Amino acid sequence: MDHFELRGGVMHAEDVPLPDIAEAVGTPVYVYSRATLTRHARVFREALAPLGTPHIAFAVKSNPNLAVLRVLAKEGYGADVVSGGELDRALAAGMKPEDIVFSGVGKTHAELVHGLESGIGQFNVESEEEGYELAAIAERLGKTADCALRINPDVDARTHAKISTGKRENKFGVPIDRAAEIYARLGAENGLHMRGVAVHIGSQLGELEPMEEAFGKVGALVRELRDAGCSVTHVDLGGGLGVPYKADDAFPSPVEYGAMVARATKGWDVQLTFEPGRVIAGNAGVLLTRVVRTKRSGNGPPFVIVDAAMNDLARPAMYGAWHDFDAVSPSGDRMTAHIVGPICETGDTFAMDRECDALSSGDLAVFRTAGAYGATMASSYNSRGFVAEVLVDGDRFAVVADRIAPSAIMDAERVPEWLD
Ligand code: LLP
0 MDHFELRGGV MHAEDVPLPD IAEAVGTPVY VYSRATLTRH ARVFREALAP LGTPHIAFAV
60 KSNPNLAVLR VLAKEGYGAD VVSGGELDRA LAAGMKPEDI VFSGVGKTHA ELVHGLESGI
120 GQFNVESEEE GYELAAIAER LGKTADCALR INPDVDARTH AKISTGKREN KFGVPIDRAA
180 EIYARLGAEN GLHMRGVAVH IGSQLGELEP MEEAFGKVGA LVRELRDAGC SVTHVDLGGG
240 LGVPYKADDA FPSPVEYGAM VARATKGWDV QLTFEPGRVI AGNAGVLLTR VVRTKRSGNG
300 PPFVIVDAAM NDLARPAMYG AWHDFDAVSP SGDRMTAHIV GPICETGDTF AMDRECDALS
360 SGDLAVFRTA GAYGATMASS YNSRGFVAEV LVDGDRFAVV ADRIAPSAIM DAERVPEWLD
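If you read the sequence shown in numbering that gives the first Met the number 0, its first letter stands for residue 0, the second for the next number, and so on.
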């Protein structure tokens, strides 16, 4: 459930009519609903209640906006970060260092130092090589790094290949059949405290079975590690729960997910961590855009050219992803159209042959389910600048990320004198 609804024929975010935001901030603009974020955060937490008090670390990559992170920090969420930049954001938003886990296959030396100096709760170590580097840094700094070993369970998540992470051939984690020996070796390092394992098999998962299979393998590994005399007190089960991008798509609910996890982790006797991203933020945001013009070419459906483009919302171009597209003030008439942005490549297409509300030049419309992996994946391609972001709370709203003008980006560039 979200809070983007028609009221009196005009789409609102909570109590704010979207045309008011377009008027004040311009378009394209991402609009987030605080009530939706809070609701999702609570629904997810309550769904995990059968598991005691798991630690929930929001996947910052899905929506790193400071205000969004602050909303979740107030809900008691920690953060799953994958770069020094995300770590800084989580800390700036008020997340406690001990509630932060640091994932990622390519943490640099500087990022490992930064994580240690910030006192983060857990490093999810993705290779033996990373473990030794972290151990050396920790020893030098006189610290001990609390670590989980990320394992690669070789499970097909049955999602888009580009966001699937748990197959043997993917770059993530260590192969599960080598995990026990690596865990033991890293556990002997002075700078490391190996306290558990981590797993994340992919994103936008529409079925629970692959996760359950992966968690079953993790359970077997935990037993193997303990039999070998290793201590295992923590398990991080990652994120990945998918959300419906089409109004009538059926997806496993957080409650079904929680029940599956309870089943899969029975008797583990560990502190569990979860790293949800999309399920919290996805439906809490829309990308508000204005139709620049419509045009016909050939005999096919018309093109609806909007002022948002693939640089603002990359998912359709990158993954062929579907985002529902609705008029802000629908007339009731419908049309079939190709929805495209202004960028000069055919990939800048949001939808082909889409049946949608009838739209013409100047009309406002939204791409739904844009709160996760939306603004954060924006670029300035075609020198378009960076899209603005707004947070709505009841009848008030605030710009939570300024639009960055193309001129500001140009200001950071230099032409060396020797070119003159
Ligand atoms: N934990 C780890 C280690 C991850 O790599 C990810 C996502 C998450 C948690 C959060 O997953 P979620 O709960 O959001 O599914 N740009 C793509 C999605 C990439 C996901 C990358 N990893 C998209 O737009 O669909």
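Glycine included, every Cβ here is placed at the ideal spot set by N, Cα and C.
In this text the structure is predicted, and so the values were computed from the model without any measurement.
When the alpha-carbon of Glu127 is set against those of Arg177, Ala350, Gln270, the nearest one is in Arg177.
The shortest C-alpha to C-alpha distance from Ala187 to any of Asp347, Asp235, Lys106, Cys146 is the one to Cys146.
In this structure Tyr244 touches Thr368 by the C-beta definition: roughly 5 Å separates them, less than 8 Å. Where Val81 is concerned, there is no enclosing beta strand (DSSP E), because DSSP gives it neither an H nor an E. Collapsing the DSSP output to three states places Val198 in coil. Under the three-state reduction of DSSP output, Gly319 falls in the coil class, being neither helix nor strand.
Every alpha helix (DSSP H) of 4 residues or more that sits fully in the region 56-142 is shown, in chain order, as 65-73, 83-91, 108-117, 127-140.
Counting along the chain, the unbroken alpha helix (DSSP H) around Phe43 starts and ends at 33-46. Counting only the Cα atoms, Pro253 lies some 32 Å from Ser378. Comparing alpha-carbon positions, the option among Ile181, Leu191, Ala160, Phe101 lying closest to Gly141 turns out to be Leu191. Taking C-beta separations shorter than 8 Å and ignoring five residues to either side along the sequence, the partners of Asn169 in its chain run Asn151, Ser163, following chain order. Classified as exposed, Gly7 has fewer than 16 neighbouring CB atoms from the shown chains inside 10 Å of its CB.
As the crow flies, the alpha-carbon of Gly25 is around 11 Å from that of Leu363. The beta carbon of Thr37 is closer than 7 Å to those of Val70, Glu74 in its chain, skipping five residues each way along the sequence. A Cβ-Cβ separation of about 15 Å leaves Gly130 out of contact with Glu110 under the 8 Å criterion. Under the three-state reduction of DSSP output, Leu191 falls in the strand class.
One alpha carbon belongs to Ser230, the other to Arg149, and they sit about 16 Å apart.
In the three-state reduction of the DSSP assignment, Pro174 falls in the strand class.
Annotated as proximal: Met309 and Ala316, with beta-carbon spacing under 7 Å.
DSSP places Lys161 outside any beta strand (DSSP E), giving it a letter other than H or E. The beta-bridge partner set that DSSP reports for Leu286 consists of Tyr29, Phe366. In terms of Cβ geometry, Glu388 and Asn64 form a close pair [threshold 7 Å]. When Cβ pairs closer than 8 Å are counted between the two stretches, the region 345-361 is seen not to touch the region 265-281, the count staying below three. Under a 10 Å Cβ-count criterion, Gly297 is classified as exposed, with fewer than 16 other Cβ atoms of the shown protein chains found around its own Cβ.
The closest CA to that of Asn123, considering only Arg295, Ser117, Leu133, is found on Leu133.
If you draw a 10 Å sphere on the C-beta of Pro415, you find fewer than 16 other C-beta atoms in it, and that means exposed. Judged by DSSP in its simplified three-state form, Met259 adopts helix. Residue nearest to Ala56 within the set Val260, Asn189, Phe101, Ser359 is Phe101 (criterion: CA-CA distance).
Excluding the 5 residues flanking it on each side, Ile181 has same chain C-beta neighbours closer than 7 Å at Glu127, Leu148, Val173, in chain order. Thr107 sits exposed, since fewer than 16 C-beta atoms from the chains shown fall within 10 Å of its C-beta.
Per DSSP, reduced to three states, the secondary structure at Thr232 is coil, with no helix or strand assignment.
Put simply, of His233, Gly103, Gly228, Glu206 the residue whose alpha carbon is nearest the alpha carbon of Gly195 is His233. Ala404 places its beta carbon less than 7 Å from that of Gly384. The shortest CA-to-CA distance from Ala246 to any of Gly393, Asp14, Asn282 is the one to Asn282. In this structure, Val305 sits away from Arg277, with a CB-CB distance that is not shorter than 7 Å. Listed in chain order, the beta strand (DSSP E) elements of length 3 or more contained wholly in the region 388-413 are 395-400.
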